[in-house]
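Participant:
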Amino acid sequence: MGGQLQQLNYQFLILRKLKIQKEITIPLPEMFFGNNSLQIINEHGILLEFSPLDALKMVDTTAEGGEKVKVSYSEEWKRKSAKNHEHIKDVIKPYDWTYTTSYSGTLKGTVNKHVFEKSTDRIDIEKLKKVEDILFYDEMILFEDELADNGTAMLNVKIRVMPSGFFILQRFFLRVDEVLFRMNDTRVYHEFETGYLQREYSSREELYNKIKAYIPKYKGDDISQLTDIDWVSSKLPSKEDGLIVEKLCIVEEN
């Protein structure tokens with residue numbers, strides 16, 4: 270009986286993966302956590318979701334996308350990846366094999382048809398630095414791929430809830446060895462006494478060797494800091510260039 274249930278579960282997972290694969294038309298990352306998602310909902314029906322599937326839908330599937338980042342093994346990687354998914358007829362190739370996505374969340378449900386609008390009101394980082402009780406905290410990986418040992422591409426999301434509000438950070442991190450680093454961050458903040466969400470999106474990148482040059486000389490050949498996402502983030506250019514600042518009304522207006 271246990272074996273039959275295990276077989277049925279395996280078949281279900283295969284069918285689900287095929288269904289997902291048809292929706293995004295490119296090979297799934299090596300680690301795709303389709304059941305992971307973060308959803309924020311209020312009494313007015315506003316739902317903001319961070320979904321791995323929706324994030325992958327924003328990966329560039331054009332021929333140009335496949336040529337944006339070149340490494341010495343990129344062609345071999347694409348051939349291997351396509352072979353692994355040869356049973357799927359509608360896989361597009363080439364595509365952006367780094368899985369870079371500008372996804373900043375999926376908005377489902379609105380109040381009076383409000384959507385995120387451009388704003389000049391920045392998230393108050395100093396307020397977030399204040400010591401508060403953490404009522405809830407969680408983080409999860411949405412997808413990850415090691416780019417055939419050429420680096421890593423990872424999308425994760427974190428949330429923390431305090432007495433004053435909640436803060437979300439979704440981060441896409443890309444390291445292509447000997448080529449570049451890239452980081453696309455989405456920050457969402459809601460102060461409970463207000464009737465709106467604040468969202469900021471930034472995209473930063475820098476050449477691999479420029480970031481590598483920040484490693485202290487005494488480290489010698491130790492380049493492990495290049496796998497420390499927070500350390501790399503501190504060395505990337507300022508996020509002010511190209512920063513997108515938005516606000517969303519989440520309550521009924523009088």
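Remember, our numbering sits 269 above the position in the sequence shown when you count from 1.
C-beta: ideal position from N, C-alpha, C; glycine also.
In this text, all values refer to a predicted model and were calculated from it rather than measured experimentally.
Taking only the alpha-carbon atoms, compute the straight-line gap between L416 and E462 and give it to the nearest angstrom.
Facilitator: Rounded to whole angstroms, L416 and E462 show a C-alpha spacing of 44 Å.
Participant: Would you mind reading off the limits of the beta strand (DSSP E) that contains Y458?
Facilitator: L449 to E460
Participant: Give the C-beta separation of F436 and N453 to the nearest angstrom, bearing in mind that I take them to be a contact with Cβ-Cβ under 8 Å.
Facilitator: Not confirmed; about 17 Å, so no contact.
Participant: Counting pairs of Cβ atoms below 8 Å between the region 298 to 318 and the region 405 to 425, do you hit three or more?
Facilitator: yes
Participant: How would you write the range of the beta strand (DSSP E) that I437 sits in, first residue to last?
Facilitator: G434 to V445
Participant: Specify whether the region 390 to 408 and the region 316 to 333 touch according to this definition: at least 3 beta carbon pairs, one from each stretch, less than 8 Å apart.
Facilitator: no
Participant: Pick helix, strand or coil for E415, following the three-state DSSP scheme.
Facilitator: coil
Participant: Should G420 go down as buried or exposed, given a rule of 16 or more other Cβ atoms within 10 Å for buried?
Facilitator: buried
Participant: For the candidate residues D407, N425, V338 and Y406, whose alpha-carbon lies nearest to that of Y372?
Facilitator: N425
Participant: Just to check, is the beta-carbon of G378 closer than 6 Å to a non-hydrogen atom of the ligand PLP?
Facilitator: This structure does not include the ligand PLP; it has no bound ligands of any sort.
Participant: Name the residue from G511, K288 and K396 whose alpha carbon lies nearest to the alpha carbon of G434.
Facilitator: K396
Participant: Output yes or no for whether 7 Å exceeds the beta carbon distance between I392 and Q439.
Facilitator: no
Participant: On the criterion of 16 or more Cβ atoms from any shown chain inside 10 Å, does R285 qualify as buried, or is it exposed?
Facilitator: exposed
Participant: To the nearest angstrom, report how far apart D323 and K508 are at their CA atoms.
Facilitator: Using only the alpha carbons, I get a separation of about 24 Å.
Participant: In its own chain, which residues sit with a C-beta less than 7 Å from the C-beta of M327, not counting the 5 before and 5 after it?
Facilitator: Answer for M327: T370, S371 and Y372, listed in chain order.
Participant: Taking V338 as the reference, which of V445, Y458 and Q308 has the closest Cα?
Facilitator: V445
Participant: Would a C-beta distance cut-off of 7 Å place T375 and S320 closer than the cut-off?
Facilitator: yes
Participant: How big is the Cα-Cα spacing for V520 and E386?
Facilitator: Per the coordinates, the alpha-carbon of V520 lies some 15 Å from the alpha-carbon of E386.
Participant: When you compare only the Cα positions, how much space is there between W500 and Y470?
Facilitator: 20 Å
Participant: Exposed or buried, which one is I295 when buried takes at least 16 other CB atoms within 10 Å?
Facilitator: buried
Participant: In the DSSP output, which residue or residues are listed as bridge partners for I327?
Facilitator: Here residue 327 turns out to be Met, not Ile, going by the sequence shown. M327 is not bridged to any residue.
Participant: Within the same chain, show all residues whose beta-carbon is closer than 6 Å to that of T455, passing over the 5 residues directly before and after it, in chain order.
Facilitator: Excluding sequence neighbours, T455 sits near S373, Q439 and Y470.
Participant: Within 10 angstroms of its Cβ, does T367 collect 16 or more other Cβ (buried), or is it exposed?
Facilitator: buried
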